[in-house]
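Colleague: My structure is below; once you've seen it, I'll send some questions.
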Amino acid sequence: MTLTIGKFTPFNTVIHRLDARVKLIGLIIFLVATFLSYGTGYMNLVINGGILVIVIILSIISKTSFLKLFKSLKAMWMMIVLLLILNIFLPSSSTGDFFFIGEVKIYYRTIINVSFILLRLIIVLAETNIFTSTTKPMDMTYALEWLFSPLKVLKVPIHKFSMTISLALRFIPTLAEESERIMKAQASRGVDYRQGKLKDKVKAIISLIIPLFISSLTTSSELTDAMEARGYNPDSKRSRYKLQKWSLRDTFGIIFLAVLLTAIIILAIYRFDLFTYLGVSLPKL
Amino acid sequence: MSIIIEHLYHTYDEGLPTQQIALQDINCIFDDHCFTALIGQTGSGKSTLIQHLNGLLIPTSGKIDINSYLIDISLIYKEKKGQQVVDYKAMKKKRKAKLKDIKSLRKKVGIVFQFPEYQLFEDTVIKDVSYGPKNFGLSETEVLENSKKALDLVGIDSSYYERTPFELSGGEKRRVAIAGIIAMKPDILVLDEPTVGLDASGEEKLLTLIQKIHADGTSIILATHDMDVVLKYCERAIVLDRGKIVKESSPLELFQDREFLKHSSLEPPKVFSFALKLKDAGLNINLSNVKDVSSLAQEIKRARG
Ligand SMILES: Nc1ncnc2c1ncn2[C@@H]1O[C@H](COP(=O)(O)OP(=O)(O)OP(=O)(O)O)[C@@H](O)[C@H]1O
Ligand SMILES: [Mg+2]
Chain D
301 MTLTIGKFTP
311 FNTVIHRLDA
321 RVKLIGLIIF
331 LVATFLSYGT
341 GYMNLVINGG
351 ILVIVIILSI
361 ISKTSFLKLF
371 KSLKAMWMMI
381 VLLLILNIFL
391 PSSSTGDFFF
401 IGEVKIYYRT
411 IINVSFILLR
421 LIIVLAETNI
431 FTSTTKPMDM
441 TYALEWLFSP
451 LKVLKVPIHK
461 FSMTISLALR
471 FIPTLAEESE
481 RIMKAQASRG
491 VDYRQGKLKD
501 KVKAIISLII
511 PLFISSLTTS
521 SELTDAMEAR
531 GYNPDSKRSR
541 YKLQKWSLRD
551 TFGIIFLAVL
561 LTAIIILAIY
571 RFDLFTYLGV
581 SLPKL
Chain H
3 MSIIIEHLYH
13 TYDEGLPTQQ
23 IALQDINCIF
33 DDHCFTALIG
43 QTGSGKSTLI
53 QHLNGLLIPT
63 SGKIDINSYL
73 IDISLIYKEK
83 KGQQVVDYKA
93 MKKKRKAKLK
103 DIKSLRKKVG
113 IVFQFPEYQL
123 FEDTVIKDVS
133 YGPKNFGLSE
143 TEVLENSKKA
153 LDLVGIDSSY
163 YERTPFELSG
173 GEKRRVAIAG
183 IIAMKPDILV
193 LDEPTVGLDA
203 SGEEKLLTLI
213 QKIHADGTSI
223 ILATHDMDVV
233 LKYCERAIVL
243 DRGKIVKESS
253 PLELFQDREF
263 LKHSSLEPPK
273 VFSFALKLKD
283 AGLNINLSNV
293 KDVSSLAQEI
303 KRARG
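Line by line, the protein sequences give chains D and H. Residue numbers for the first sequence follow our numbering, so the first one is 301 and each next one is one higher. Residue numbers for the second sequence follow our numbering, so the first one is 3 and each next one is one higher.
This is the structure in C-alpha cells:
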C-alpha cells in the first residue's frame with residue numbers, strides 16, 4: 301500500500317530517540333530554510349543543495365528510505381505536468397532566452413523554475429518523511445501541544461485540539477488494518493482493485509468505503525463510551541502518563557538547529573553572494 | 003479439487019524491526035472433498051495460512067498448487083564467489099509479480115473471513131449476495147438463481163431480499179455474508195472461525211449448513227478453536243503451533259494421543275474425555291462412534307447391552 305511512506309518505523313536510531321519537540325522545531329526550521337529566498341538563483345541552488353545533502357545524511361542515520369520518496373513522486377507526475385504547463389503560460393517567467401517545441405515558445409527560465417519547484421518539493425517531502433517515520437504519533441501530539449501551549453493564554457482549548465489530533469493519529473494504523481481486511485474480503489468476492497473499467501473501479505472503491513465508514517462510526521461511538529465510562533472530562537487539567545526526559549543529545553540537537561537557523565537568517569537577510577565573493581561571474585539566472 | 007502445499011514460509015514485515023515469521027515449512031495436502039479443521043492457539047498462523055489458499059497472500063518462499071493453479075516461490079539460487087547462495091532479490095521480484103488470471107482461482111476457493119458481516123455494502127440483501135457471482139462473470143439469471151439458492155440455504159427467506167443488510171441482526175448479517183460466498187459456488191469453501199460471536203442455536207445451524215454444503219460436494223476447510231466442532235464434524239485435523247504444523251491426523255487419533263495433548267495447549271472435548279474414562283473403566287465403547295452427547299449416550303446404551 302502507498303501508506304508505507306511517512307509511517308512510523310520502530311528502529312532505534314539517534315534520530316528516533318531525539319525528543320519529539322526538538323524534531324518538530326527542527327522540521328519547522330528546515331521547512332523555513334527550504335522556502336526562504338537567498339537573493340540570486342545560484343545562491344538558492346547552493347543552499348537548497350546543502351539542505352538536500354543534510355537531509356540525505358539524516359535519512360541515512362534514521363534509516364528512512366530516501367529512495368522510496370521517488371516512488372511516491374511517480375504518483376504525482378500529473379501534478380508535475382500541470383506545473384510545467386502552468387509555468388509555460390505564466391508571464392512571470394517569460395524572459396530571457398527561449399526555444400520552440402512546435403508552436404509553443406518555451407523559455408529556459410521556465411524549465412529552471414519548474415526544476416527548482418521540484419527540488420524543493422522533494423526536499424520538503426524528505427524532511428517531513430524523516431519526522432513522521434521517526435516520531436511516534438503520541439509523541440508527535442505532545443510536541444504539537446507543547447508548541448501551541450502559549451495560545452492557552454488566549455483561551456484556545458489546546459488540549460481538546462491535541463486530543464483530537466492524537467486520536468486521529470492513533471486510529472490511522474487501525475483504519476489501515478481495517479481497510480486491508482475489507483479489501484481482502486472483497487478481493488475474495490472477485491473485486492479487482494488494480495484494474496478494470498472505470499465503472500468497476502468505482503464500484504470496487506464503494507465496496508471498500510462503505511464498510512470502512514460503518515466500522516469507523518462503530519469504533520468512534522465505542523471509543524466515546526469507553527472514554528466516558530472512565531470519567532474522561534475534556535475540561536479538566538491533564539497529567540502525563542509518560543514524561544519525556546531531556547538528554548544531552550537533545551541539547552546538542554537544539555544547538556545544531558540554532559546554528560543552522562542563525563546561518564540561514566543571516567544568509568537570507570544580507571543576501572550574501574558566494575559567487576561575487578569568489579569573483580566568479582555567471583550568466584544571469 | 004485438491005490443494006498441495008510444499009515448504010511454505012511466510013514472514014510479515016520482512017526486513018523491518020517488526021518482522022514476524024508467521025508460517026514455517028508448512029507441508030500439507032487438502033484432498034478433494036475433504037472436511038478439514040485447522041486448529042491452533044491465537045497467533046498460530048491459521049488466518050495467514052488460509053489467505054494463501056486464494057492468493058491473497060503470496061508465500062515468502064514455497065509452493066502452493068491449487069488444482070493445478072500454481073503459485074511457486076521456490077528458492078532461487080545464484081552463483082556468488084563460486085558458491086551457491088539464495089537470490090532473495092529474484093524471489094522478491096517473483097513475489098511481487100502479478101498473478102495470472104487470479105479471478106479463476108478466487109472463484110474456485112471461496113473464503114469466509116472472521117466477522118464476514120464487515121464485507122456487506124450494497125443497499126439490499128439480494129444485491130449484496132449477487133455481488134460475488136456477478137464479479138465472476140456469471141449471467142444475470144444464473145446470478146439471481148445462485149443468490150436465491152444460497153440465501154435459502156442459510157435460512158434467509160424472500161421477505162428479506164429487499165431489506166438493507168445494515169438493519170439486520172448480527173446473526174442474520176453473518177448468514178447473508180456467508181451466502182455471498184456460497185453463491186459464488188466455490189469448489190473449496192474456507193471458513194475462518196465462522197461461529198465466533200453466534201449463540202448456541204445459531205452455531206449449530208451454521209455448522210449443519212456447512213455439513214450440508216460438504217455433502218453436496220464442496221471441500222471444507224474450517225479454522226476453529228472449538229474442539230467439540232472438530233470432533234463432531236471434521237474428518238481431518240491439522241494442528242498449528244507458532245507457525246508450524248505439529249500434528250495432522252483424524253480427530254479420533256488426535257484426541258486419543260494423550261502424550262501430544264499434554265504438551266500442547268489443546269483440551270479434548272469433554273464428551274470425548276468422558277468416553278475415554280468410561281473405556282478405561284472397562285466399558286466396551288467404540289470411540290469412533292462418539293461425536294457428541296447423544297451419540298455417546300447411544301454408545302453407552304449399546305455397550306451395556
Ligand atoms: N498483517 C499482519 N502484519 C504483521 N503481522 C501479522 C499480520 N497478520 C498476522 N500477523 C502475525 O502473524 C502471526 C499469525 O497470525 P494469524 O492471524 O495467522 O493467527 P491466527 O492463528 O489466525 O490467530 P487467531 O486465532 O487469533 O485468529 C501472529 O503472530 C500475528 O501477530
Ligand atoms: Mg485468525
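Even for Gly, the Cβ is constructed at its ideal location relative to N, Cα and C.
Compare the C-beta of Pro61(H) with all C-beta atoms of chain D and state if any pair is closer than 9 Å.
Modeller: To locate residue 61(H), count along the second sequence from 1; it is residue 59. Not an interface residue.
Colleague: Following a CB-centred definition, is Asp67(H) positioned closer than 8 Å to any heavy atom of ligand 1?
Modeller: Looking up residue 67(H) in the second sequence gives position 65. No.
Colleague: Looking only at DSSP bridge pairs, what is Cys30(H) linked to?
Modeller: The residue labelled residue 30(H) in the question sits at position 28 within the second sequence. Beta-bridge pairing links Cys30(H) to Ile7(H).
Colleague: Give the range of the alpha helix (DSSP H) segment to which Thr474(D) is assigned.
Modeller: Position 174 of the first sequence, counting from 1, holds the residue named residue 474(D). It spans Ile458 to Ser488 - the alpha helix (DSSP H) in which Thr474(D) sits, taken as one unbroken run.
Colleague: Less than 8 Å between the CB of Lys82(H) and some heavy atom of ligand 4, yes or no?
Modeller: In the structure on display, ligand 4 does not appear, and the ligands it does have are ligand 1 and ligand 2.
Colleague: Determine, for Thr302(D), whether the minimum Cβ-Cβ distance to residues of chain H falls below 9 Å.
Modeller: Walking along the first sequence from the start, residue 302(D) turns up at place 2. For Thr302(D), the pLDDT reaches just 41, beneath the cut-off of 50, and the residue's location in the model is therefore unreliable, although a value from the coordinates is still provided. No, because no Cβ of chain H sits closer than 9 Å to the Cβ of Thr302(D).
Colleague: Under the criterion of a Cβ to heavy atom distance below 8 Å, does Thr44(H) qualify as lining ligand 1?
Modeller: The residue labelled residue 44(H) in the question sits at position 42 within the second sequence. Under cutoff, so the answer is yes.
Colleague: Are there any heavy atoms of ligand 2 lying less than 8 Å away from the beta-carbon of Ala225(H), as far as the coordinates show?
Modeller: One-based indexing of the second sequence puts residue 225(H) at position 223. At least one heavy atom of ligand 2 is nearer than 8 Å to the Cβ of Ala225(H), so yes.
Colleague: In the region 112 to 129 of chain H, which residues sit with their C-beta less than 8 Å from some C-beta in chain D, listed in chain order?
Modeller: If the cut-off is 8 Å between Cβ atoms, the region 112 to 129 of chain H has Gly112, Ile113, Phe115, Pro118, Tyr120, Gln121, Leu122 and Phe123 near chain D.
Colleague: How far does the alpha helix (DSSP H) with Gln213(H) in it reach, from first residue to last?
Modeller: As a working note, residue 213(H) is residue 211 in the second sequence. It spans Ala202 to Ala217 - the alpha helix (DSSP H) in which Gln213(H) sits, taken as one unbroken run.
Colleague: Whose CB is closer than 6 Å to a heavy atom of ligand 2? List the residues in chain order.
Modeller: Going along the chain, the residues that qualify are Lys48(H), Ser49(H), Gln116(H) and Asp194(H).
Colleague: Could you check whether the Cβ of Asp15(H) sits closer than 8 Å to any heavy atom belonging to ligand 1?
Modeller: Translated into the one-based positions of the second sequence, residue 15(H) becomes position 13. Yes, ligand 1 has a heavy atom inside 8 Å of this Cβ.
Colleague: Quick one, which residues of the region 12 to 34 of chain H are near chain D if we go by CB-CB under 9 Å, in chain order?
Modeller: Under the 9 Å Cβ criterion, the region 12 to 34 of chain H contributes Leu18, Pro19 and Thr20.
Colleague: Could you give the DSSP three-state label for Glu81(H): helix, strand or coil?
Modeller: By one-based count along the second sequence, residue 81(H) stands at place 79. Strand.
Colleague: State the Cα-Cα distance for the pair Phe262(H) and Ser488(D), rounded to the nearest angstrom.
Modeller: Mapped onto the second sequence, residue 262(H) falls at position 260. Mapped onto the first sequence, residue 488(D) falls at position 188. Computed Cα separation, rounded: 36 Å.
Colleague: To the nearest angstrom, how far is it from the Cα of Val269(D) to the Cα of Val332(D)?
Modeller: Since the first and last residues shown for chain D are 301 and 585, residue 269(D) lies out of range.
Colleague: Do you know whose CA, among Tyr570(D), Leu548(D) and Ile569(D), lies nearest Val314(D)'s CA?
Modeller: Within the first sequence, the letter at position 14 stands for residue 314(D). Closest by alpha carbon: Leu548(D).
Colleague: Run through the DSSP bridge pairs and tell me what Glu250(H) is partnered with.
Modeller: Along the second sequence, read from residue 1 onward, the residue named residue 250(H) stands at position 248. Answer by DSSP bridge pairing, in chain order: Ile240(H).
Colleague: Taking the runs of the alpha helix (DSSP H) that are 4 residues or longer, which of them lie wholly in the region 316 to 353 of chain D?
Modeller: Segments of the alpha helix (DSSP H) lying fully in the region 316 to 353 of chain D: 320 to 335.
Colleague: If we count the other Cβ atoms within 10 Å of its Cβ and call it buried at 16 or more, is Gln86(H) buried or exposed?
Modeller: By 1-based counting over the second sequence, the position of residue 86(H) is 84. Flag for Gln86(H) reads exposed.
Colleague: Can you give the beta carbon distance from Pro437(D) to Ser466(D), rounded, assuming they're within the 8 Å contact cut?
Modeller: In the first sequence, counting from the first residue as 1, residue 437(D) sits at position 137. In the first sequence, counting from the first residue as 1, residue 466(D) sits at position 166. Yes, Pro437(D) and Ser466(D) are in contact; Cβ-Cβ is about 7 Å, under 8 Å.
Colleague: Could you tell me which of Gly112(H), Ser171(H) and Asp282(H) sits nearest to Lys187(H), measuring between CA atoms?
Modeller: To locate residue 187(H), count along the second sequence from 1; it is residue 185. Comparing Cα positions, the closest option is Gly112(H).
Colleague: Alpha carbon to alpha carbon, what distance is there between Lys94(H) and Ser4(H)?
Modeller: Along the second sequence, read from residue 1 onward, the residue named residue 4(H) stands at position 2. Along the second sequence, read from residue 1 onward, the residue named residue 94(H) stands at position 92. Cα-Cα distance, rounded: 27 Å.
Colleague: Nearer than 8 Å: is that true of the beta carbon of Gln26(H) relative to any heavy atom of ligand 1?
Modeller: The residue labelled residue 26(H) in the question sits at position 24 within the second sequence. No, since every heavy atom of ligand 1 falls outside the 8 Å radius drawn around the Cβ of Gln26(H).
Colleague: Using three-state DSSP, classify Ala283(H) as helix, strand or coil.
Modeller: If you number the second sequence from 1, residue 283(H) lands on position 281. Reduced to three states, the DSSP call for Ala283(H) is coil.
Colleague: Which residues does DSSP list as the beta-bridge partners of Gln21(H)?
Modeller: Within the second sequence, residue 21(H) is the residue found at index 19, counting from 1. Note: Gln21(H) sits in no beta bridge, so no partner.
Colleague: Quick one: is Leu367(D) buried, meaning 16 or more other Cβ sit within 10 Å of its Cβ, or exposed?
Modeller: By one-based count along the first sequence, residue 367(D) stands at place 67. That one is exposed.
Colleague: Ligand 1 and Leu58(H): does the residue's C-beta get closer than 8 Å to at least one heavy atom of that ligand?
Modeller: Here the question's residue 58(H) lines up with position 56 in the second sequence. Leu58(H): no, Cβ never under 8 Å from ligand 1.
Colleague: Consult DSSP for Val156(H) and reduce its assignment to one of helix, strand or coil.
Modeller: Here residue 156(H) refers to the residue found at position 154 of the second sequence. The answer is coil: DSSP assigns Val156(H) none of H, G, I, E or B.
Colleague: Hey, is the region 337 to 349 of chain D in contact with the region 400 to 409 of chain D, meaning 3+ C-beta pairs nearer than 8 Å?
Modeller: No, because fewer than three Cβ pairs between the region 337 to 349 of chain D and the region 400 to 409 of chain D fall closer than 8 Å, the two stretches do not touch.
Colleague: My output table needs one value for Tyr407(D): the three-state DSSP class, helix, strand or coil.
Modeller: The sequence position of residue 407(D) within the first sequence is 107, counting from 1. In this structure, Tyr407(D) counts as strand in the three-state DSSP scheme.
Colleague: Use the C-beta contact count for Gln300(H): other C-beta atoms within 10 angstroms, 16 or more gives buried, fewer gives exposed.
Modeller: Translated into the one-based positions of the second sequence, residue 300(H) becomes position 298. Burial call: exposed.
Colleague: For a cutoff of 9 Å on Cβ pairs, would you count Lys484(D) as touching chain H?
Modeller: The residue given as residue 484(D) occupies position 184 in the first sequence. Chain H, which has a Cβ nearer than 9 Å to the Cβ of Lys484(D), makes this yes.
Colleague: Ends of the alpha helix (DSSP H) at Tyr442(D)?
Modeller: Here residue 442(D) refers to the residue found at position 142 of the first sequence. Segment Pro437 to Phe448, the alpha helix (DSSP H) holding Tyr442(D).
Colleague: Per DSSP, Ala181(H) forms a beta bridge with which residues?
Modeller: As a first step, residue 181(H) must be located in the second sequence, where it is residue number 179. The partner list for Ala181(H) (beta bridge, DSSP) is empty, contrary to what the question assumes.
Colleague: Would you check whether ligand 1 has a heavy atom nearer than 8 Å to the C-beta of Gln86(H)?
Modeller: Translated into positions along the second sequence, residue 86(H) becomes position 84. Flag unset: Cβ of Gln86(H) not near ligand 1.
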